[in-house]
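Here this note's numbering = 1-based position in the sequence shown + 1. Beta carbons: idealized from backbone N, C-alpha and C, even for Gly. Given the structure is predicted, the values throughout are model-derived calculations rather than measurements.
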Amino acid sequence: MTIAPQDFLPQLADWVAQLDDVFPGKQIKPWFAQWEVGHLLSLAVLGGSSILLNLRLIGVGLTDEPASELNRNLRGWIIAGMIGIVVTGLLIGSSNAERLYTSEAFTAKMIGLLAGIILTFAVTLTATRNDGAMGPAARVSALVGLAVFLVAISAFLMAKLANPGLWHVISAGALIVLFATRGLTRIVYLTVMLAMIAAQQVLTHVVYKFDDYAHLDPVNKGFAWGYVAVILGFGALQAVASGRSQAAGPFVKLMAFAAILVWVMTAAAGRWLAFA
Ligand code: HEM
2 MTIAPQDFLP
12 QLADWVAQLD
22 DVFPGKQIKP
32 WFAQWEVGHL
42 LSLAVLGGSS
52 ILLNLRLIGV
62 GLTDEPASEL
72 NRNLRGWIIA
82 GMIGIVVTGL
92 LIGSSNAERL
102 YTSEAFTAKM
112 IGLLAGIILT
122 FAVTLTATRN
132 DGAMGPAARV
142 SALVGLAVFL
152 VAISAFLMAK
162 LANPGLWHVI
172 SAGALIVLFA
182 TRGLTRIVYL
192 TVMLAMIAAQ
202 QVLTHVVYKF
212 DDYAHLDPVN
222 KGFAWGYVAV
232 ILGFGALQAV
242 ASGRSQAAGP
252 FVKLMAFAAI
262 LVWVMTAAAG
272 RWLAFA
């Protein structure tokens, strides 16, 4: 089964094929690279403000200021980043539409975008505005956002040739938990992760030859799931152990973790469009 837009929207094929011959795709095409720079600058603004706000909810980073103060300073930036990335994305997309239409990674990216918007409004902006508190409606919206995020990850997993891009998401998750953990928990977490990385390197570079995919693929997939289990386990442990420190409770902290990762996933799917 393939999950590119052309697989479930075949009736759009003719419309997509002419998009680069009409406004705005035709005008953007000669300036594709310049507009793509705008796409990446928007990503920097969106990602940077999302990381600062959500890390504040997790209890690390700019902890000297109340979360509501950070919200006042950064909400304009995060919204500008989201608008900028969608507008520039639609413009470069219209000048190269067939590439997106035939891309499984693009399907994952669009589901990720939806999850990112939900999590950003329900968690990042709501919880920081209220200094870490989330009412029932925001909690339900956050769970909906999380469910959509899991669908996006499943789509990314199904996107052949692009799915190694999920290593970016695992790496980002690993680093966030490293920042969030403290004391002995951090030392144990780091030791377990370094031991796993060393074991993976030995297995994939010494034990099995570089072209022995019959063994390398299951080993790498096994480690990927192993890292996910360790990262989520220590992340949950830290969220529960730190209780309501720095204002936000365990639920909000775990949702803030997802609210950063959703943009990393969406960006990774965007980058891996090029490899599929
Ligand atoms: C309506 C929404 C969007 C559309 C239509 C869109 C479209 C595109 C297109 C056409 C490309 C160029 C792909 C290529 O030719 O290789 C691209 C690249 C990319 N996009 Fe998007 N995008 C959208 C939203 C996003 C979002 C929300 C993010 C991140 C959170 C994102 C991150 C990226 C990244 C990282 C690249 C790779 C740039 C590079 O490596 O040169 N995009 N996007």
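Taking one C-beta from the segment 208-216 and one from the segment 140-151 each time, how about it: are there three or more such pairs within less than 8 angstroms? no
According to DSSP, simplified to helix, strand and coil, what is LEU162? coil
With a threshold of 7 angstroms, establish whether the CB of LYS27 neighbours any heavy atom of the ligand HEM. no
Measure the Cβ-Cβ separation of ALA5 and TYR102 and say whether it is below 8 angstroms. yes
Examine the ligand HEM and report whether any of its heavy atoms sits within less than 7 angstroms of the Cβ of ARG100. yes
For THR205, which residues of its own chain have a beta-carbon under 7 angstroms away from its beta-carbon, when the five flanking residues on both sides are left out? LEU217, VAL220 and ASN221
Taking the alpha-carbon positions, what's the PHE24 to ALA81 distance? 24 angstroms
Check SER50 in the structure and name its three-state DSSP category. helix
Beta-carbon within less than 7 angstroms of LYS27's beta-carbon, same chain only, minus the 5 sequence neighbours each way: which residues are those? ASP21
Report yes or no: is there a C-beta of chain C within less than 8 angstroms of the C-beta of LEU56? The question asks about chain C, but that chain is absent: this structure has only one protein chain.
The ligand HEM and ILE171: does the residue's C-beta get closer than 7 angstroms to at least one heavy atom of that ligand? no
Grab the span of the alpha helix (DSSP H) containing PRO25 for me, first residue to last. Per DSSP, PRO25 belongs to no alpha helix (DSSP H) and is neither H nor E.
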